[in-house]
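K.L.:
Heads up: the sequence shown begins at 2 in the working numbering, then just goes up one per residue. Glycine included, every Cβ here is placed at the ideal spot set by N, Cα and C. Have a look at this one.
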Amino acid sequence: MLKTAAAGALTLFCLGVGFARAEDAGPFKPTSPSGYFFVGGRYETTNGKTTAHGQMFVEYRAPSRITQPYPVVMVHGTAQTGTNFLGTPDGRPGWADRFAAKGFAVYVVDQVGRGRSGGDAEIYGPYARLPMEDLETVFTGQERSALYPQATLHTQWPGGPGLRGNAAFDQFYRSQVPYIASALKSEELVDPALIALLEKIGPAVVLTHSQAGVFGWAVSDQRPDLVKAHVAVEPNGPTFFDIKFKGGAEWYERVGDARARPYGITRVPLQFEPPVSGPADLTVVQAEHASGPDRIRCWLQAEPARALPNLAKVPAVIVTAEASFRATMDDCTAAFLTQAGAKPDRLALAEHGIRGNGHMMMLESNSDQVADAIVGWIETRIGAGQPRP
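Below, the structure written as structure tokens:
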């Protein structure tokens with residue numbers, strides 16, 4: 002059993018030469034083009050050994066002159082690390098550099114318990130890994146397997162279908178790391194670490210990808226004062242339940258009877274109005290029809306739906322690629338939020354002439370074009386602002 006090393010938990014100092022410590026007054030501002038620090042965490046003693054627990058690694062990129070009013074925090078998804086945003090598997094600059102070139106200070110994290118944040122099964126519990134076949138058939142080479150209707154539209158993975166033997170795929174798969182098997186545990190760890198980061202750097206745009214969408218919704222709900230906007234790039238979904246793709250005419254099925262995301266879009270509680278005492282207070286119904294061709298039938302709240310007033314305060318956009326498996330379900334996330342009064346914007350890339358992308362759009366051949374579309378939404382929705390001193 003874990004025991005605190007001393008009376009009360011000790012907050013870890015932010016590490017790294019030249020960086021402000023957590024207790025220093027005022028928001029952290031980059032003073033060099035790149036660097037890193039840690040946020041959050043405490044010391045824990047297990048079996049007579051004291052180690053750090055809950056800390057999160059943060060790497061930053063910044064232009065010589067920051068011209069955007071708010072920084073961007075980039076949060077990766079399952080089995081990934083912040084390297085998703087630092088470069089592409091075929092050697093091009095990544096989104097961190099692209100956003101920095103547009104005038105943003107950019108902060109890229111490794112989730113708590115993963116990558117450079119440090120993993121420890123004794124503290125965080127069992128770990129899991131994604132097999133290569135899952136990535137080939139759904140993430141990067143879906144045009145070959147066609148397990149869902151949009152899969153055949155995929156054209157943007159560097160060097161052709163993302164299968165083993167494709168140099169860009171091999172680089173990508175070698176970047177995959179073990180991740181905490183409990184999705185709930187990850188939410189309980191990452192949410193407070195992200196809040197600690199926002200408290201350190203000041204209000205920011207939170208850009209999440211895939212699994213990280215749950216963190217973006219929870220942090221927006223808990224601290225809407227710190228999230229200027231949430232860019233949810235194909236957020237974790239669909240609502241309430243998981244599904245499995247199997248191809249053919251009946252191309253998907255629900256996985257089990259238990260709710261994968263008991264609060265619709267998260268596993269941790271959200272601040273509903275009227276309040277809920279637990280997930281059982283949310284009555285779930287499945288829509289009679291899908292919202293459009295080649296989409297799943299959504300699971301939503303029964304009417305009258307409870308509201309999410311804090312999420313309604315935070316501008317949000319759901320970004321969806323044309324050939325991604327998320328194209329089958331992102332409408333459900335949008336419908337759930339709209340039903341609760343949050344009303345997110347939609348950025349369907351194909352509607353803006355950006356075609357052929359899959360789920361890993363930040364790594365694909367037209368990654369800069371996708372990044373520029375997101376920057377355009379940010380500048381339109383919350384303003385480009387004035388150059389910062």
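1) Tell me whether the beta-carbon of A205 lies closer than 8 Å to the beta-carbon of V59.
2) Let's see if you can read the secondary structure: which residues bound the alpha helix (DSSP H) around G411?
3) Between A308, P236, I266 and P294, which has its C-alpha nearest V318's C-alpha?
4) Taking the alpha-carbon positions, what's the V220 to R165 distance?
5) Which partner residues of D346 appear in the DSSP bridge assignment?
6) For the stretch 189-198 against the stretch 220-229, are there 3 or more C-beta pairs whose distance is under 8 Å?
7) Pick helix, strand or coil for H77, following the three-state DSSP scheme.
8) Quick one: grab the DSSP three-state call for Q112.
9) Along the chain, where does the alpha helix (DSSP H) containing K186 start, and where does it finish?
10) Using only CA atoms, which one of V110, Q302 and G78 lies nearest to A184?
11) Can you name, in chain order, every residue of its own chain whose Cβ lies under 7 Å from the Cβ of I244, other than the five neighbours on each side?
12) If we count the other Cβ atoms within 10 Å of its Cβ and call it buried at 16 or more, is H155 buried or exposed?
13) Hey, would you say F100 sits closer than 8 Å to V269, going by beta carbons?
14) Given this structure, state the Cα-to-Cα distance separating Q112 from F38, to the nearest angstrom.
15) Any idea if V286 is buried or exposed, counting beta-carbon neighbours within 10 angstroms, 16 or more meaning buried?
16) Consult DSSP for H290 and reduce its assignment to one of helix, strand or coil.
17) State yes or no: is the C-beta of P159 within less than 8 Å of the C-beta of T89?
18) Cα separation between R115 and A80?
19) For the putative contact between F216 and W300, defined by C-beta atoms under 8 Å, what is the C-beta separation to the nearest angstrom?
20) Beta carbon of R62, beta carbon of S33: below 8 Å?
21) Can you give the Cα-Cα distance for D98 and F29, rounded to whole angstroms?
22) From which residue to which residue does the beta strand (DSSP E) around A47 run?
23) On the criterion of 16 or more Cβ atoms from any shown chain inside 10 Å, does R130 qualify as buried, or is it exposed?
24) When you compare only the Cα positions, how much space is there between T209 and L271?
P.N.:
Let me spell this out:
1) Contact flag unset, no.
2) Not covered by the structure: residue 411. The range shown for the chain is 2 to 390.
3) Comparing Cα positions, the closest option is P236.
4) V220 and R165: Cα-Cα distance of roughly 37 Å.
5) Looking at the DSSP assignment, D346 forms a beta bridge with V318.
6) Because the criterion of three Cβ pairs below 8 Å is met, the stretch 189-198 and the stretch 220-229 touch.
7) The answer is coil: DSSP assigns H77 none of H, G, I, E or B.
8) Q112 falls in the coil class under three-state DSSP.
9) Residues A184 to I202.
10) Ranking V110, Q302 and G78 by Cα distance to A184 puts G78 first.
11) When the five nearest sequence neighbours on each side are left out, the beta carbons in the same chain lying within less than 7 Å of the beta carbon of I244 are those of Y253, E254, R255, V256 and I297, in order along the chain.
12) Flag for H155 reads buried.
13) No, they are not a contact pair.
14) Computed Cα separation, rounded: 13 Å.
15) Exposed, because fewer than 16 other Cβ atoms sit within 10 Å of the Cβ of V286.
16) Looking at H290 - three-state DSSP - the assignment turns out to be coil, as it is neither helix nor strand.
17) Yes, the Cβ-Cβ distance between P159 and T89 is below 8 Å.
18) Their Cα atoms are separated by approximately 8 Å.
19) Taking C-beta atoms under 8 Å as the contact rule, F216 and W300 fail to qualify, at a distance of about 21 Å.
20) In this structure, R62 lies away from S33, with their beta-carbon atoms at least 8 Å apart.
21) The straight-line gap from Cα to Cα measures roughly 19 Å.
22) Reading off the sequence shown, one finds Thr at residue 47, where the question assumed Ala. Segment R43 to T47, the beta strand (DSSP E) holding T47.
23) Answer is exposed; the Cβ neighbour count stays below 16.
24) The alpha-carbon atoms of T209 and L271 are separated by roughly 18 Å.
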